[in-house]
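Peer 1:
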Amino acid sequence: MTGKTTCVPPRHSIRAAIGSTRSTPRASHPAGRFASHPALSHALAALAAVAIFAAAQPAAAQAVYPTSDAAASAFANALATNDHPAMEKVLGKNFKRYIPTTNIGEDDIYAFLGQWAKGHRIVDDPAPHAGRKSVHLGVGDDGWILPIPIVQTARGWQFNTPAATDEMLTRRIGRNERAAVLTSLAYVDAQNDYRKQTQHYAQKFISSPGKQDGLYWPTTAGEPDSPLGPLAATMPHQIAPGEAYYGYHYRILTSQGAKADGGAQNYVQDGVLSKGFGLVAWPAEYGKTGVMSFIVNQNGQVYEKNLGPQTPRVASTITTFNPDSSWQATQP
Numbered sequence: 014m015t016g017k018t019t020c021v022p023p024r025h026s027i028r029a030a031i032g033s034t035r036s037t038p039r040a041s042h043p044a045g046r047f048a049s050h051p052a053l054s055h056a057l058a059a060l061a062a063v064a065i066f067a068a069a070q071p072a073a074a075q076a077v078y079p080t081s082d083a084a085a086s087a088f089a090n091a092l093a094t095n096d097h098p099a100m101e102k103v104l105g106k107n108f109k110r111y112i113p114t115t116n117i118g119e120d121d122i123y124a125f126l127g128q129w130a131k132g133h134r135i136v137d138d139p140a141p142h143a144g145r146k147s148v149h150l151g152v153g154d155d156g157w158i159l160p161i162p163i164v165q166t167a168r169g170w171q172f173n174t175p176a177a178t179d180e181m182l183t184r185r186i187g188r189n190e191r192a193a194v195l196t197s198l199a200y201v202d203a204q205n206d207y208r209k210q211t212q213h214y215a216q217k218f219i220s221s222p223g224k225q226d227g228l229y230w231p232t233t234a235g236e237p238d239s240p241l242g243p244l245a246a247t248m249p250h251q252i253a254p255g256e257a258y259y260g261y262h263y264r265i266l267t268s269q270g271a272k273a274d275g276g277a278q279n280y281v282q283d284g285v286l287s288k289g290f291g292l293v294a295w296p297a298e299y300g301k302t303g304v305m306s307f308i309v310n311q312n313g314q315v316y317e318k319n320l321g322p323q324t325p326r327v328a329s330t331i332t333t334f335n336p337d338s339s340w341q342a343t344q345p
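Every letter in the sequence shown is one number past the one before it in my numbering, and letter 24, counting from 1, is 37.
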């Protein structure tokens, strides 16, 4: 997978959104540690929104501070008091156009301030930015770094919001890719649960009205949950890119190719998906919501591949689970 990630739900949280699971995440991806801090994850996602939206405009009206720590404190204070004029001084005069205030709620602020109180520090960047010394703000005890650099100018220290654009994109892609792998594994769990009830696998995510022929169906109080939850509706590839689950589309595969264990075979027998199952996942917007595409089958090993700028077209041609040498095994 590419990049770093923040605020990614662990495998059980994804299954909680699209169903329930007994599984636990195999978390080794950078910044995945925040999966165990839901409130902080939400807060940091909100702060990430601050970075990505503010980065769209130059910092013409931004204040300059005597020290980098003073700049960091000004940011935290503006956030703590929900002070728009103060945030304008910190991030620039156009911040209201790029930071919807509804993105940052009271719980987000409290979570960030709690981590700020645990500890905050200025982290020196390994290399200067455009010839100027550059640092980042770190908060809490888990090593989270605000992706907006603070740079030293001739007059003092200032947040460099345009410089955050690439880092924010990298983080978002990494987060989405990890979520796609975890979702693929949650899908495997869901198919296995479905088979326990029906003696075969499901050929679609959403059940037909009044039926249980997919991995999700509505339930009432007291009824067992379906293998996937209602957010399974965001998984199919027909969903608009902006509504895709963590920026990825998914499609069920009903056969495997010659490069899969056991060789080429159709998972469908007598119209029933009984011999196995597969899945392909690809970014809804290549280069924006993700880069890598993923495949998995009933064995539970996820493979990844960069399908390139024509990812949607190439993904549409993938009809079998066939991990040849161009696909590499991966973990979340």
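For each residue, glycine too, the CB sits at the ideal point set by N, CA and C.
What do you reckon, are the CB atoms on residue 75 and residue 106 nearer than 9 Å?
Peer 2: yes
Peer 1: May I have the straight-line CA-CA distance separating residue 218 from residue 203, to the nearest angstrom?
Peer 2: Distance from the CA of residue 218 to the CA of residue 203, rounded to the nearest whole angstrom, comes to 10 Å.
Peer 1: What does DSSP give as the partner residue(s) for residue 305 in the beta ladder?
Peer 2: 319
Peer 1: What is the DSSP secondary structure of residue 342, counted as helix, strand or coil?
Peer 2: strand
Peer 1: With respect to the beta strand (DSSP E) encompassing residue 265, which residues constitute its N-terminal and C-terminal limits?
Peer 2: 261 to 266
Peer 1: Going by CA-CA distance only, name the one from 259, 229 and 228 that's closest to residue 348.
Peer 2: Because the chain in this structure spans residues 14 to 345, residue 348 falls outside the shown range and cannot be described.
Peer 1: Find the nearest neighbour of residue 215 within the set 266, 233, 180 and 165, judged by alpha-carbon distance.
Peer 2: 266
Peer 1: For residue 271 and residue 263, I'd like the C-alpha separation in whole angstroms.
Peer 2: 22 Å
Peer 1: Since residue 172 sits in a beta bridge, which residues does DSSP pair it with?
Peer 2: 163
Peer 1: Take residue 320 as the anchor and find which of 311, 306 and 332 has the nearest alpha-carbon.
Peer 2: Among 311, 306 and 332, the Cα nearest to that of residue 320 belongs to 306.
Peer 1: Excluding five sequence neighbours on each side, which residues of the same chain lie with their C-beta closer than 7 Å to the C-beta of residue 141?
Peer 2: Beyond the five residues adjoining it in sequence on each side, residue 141 comes within less than 7 Å, by CB distance, of 147 in the same chain, given in chain order.
Peer 1: Give the DSSP-derived three-state secondary structure of residue 325 in the structure shown.
Peer 2: Three-state DSSP puts residue 325 in a helix.
Peer 1: Taking the alpha helix (DSSP H) that residue 313 falls in, what are its first and last residues?
Peer 2: Per DSSP, residue 313 belongs to no alpha helix (DSSP H) and is neither H nor E.
Peer 1: Give me, in chain order, the residues of the same chain whose beta-carbon lies closer than 8 Å to that of residue 341; leave out the 5 immediate sequence neighbours on both sides.
Peer 2: 316, 317 and 318
Peer 1: Once DSSP output is grouped into helix, strand and coil, what is the label at residue 218?
Peer 2: coil
Peer 1: Let me check understanding here. Comparing Cα to Cα, which of 158, 154, 168 and 155 lies closest to residue 80?
Peer 2: 168
Peer 1: Assign residue 77 to one of three DSSP states: helix, strand, or coil.
Peer 2: It is coil, neither helix nor strand.
Peer 1: Should residue 102 and residue 91 be called a contact, given that it needs their Cβ atoms to be closer than 9 Å?
Peer 2: yes
Peer 1: Can you tell me which residues form a DSSP beta bridge with residue 334?
Peer 2: 269
Peer 1: Rounded to a whole number of angstroms, what is the C-alpha to C-alpha distance between residue 314 and residue 221?
Peer 2: 29 Å
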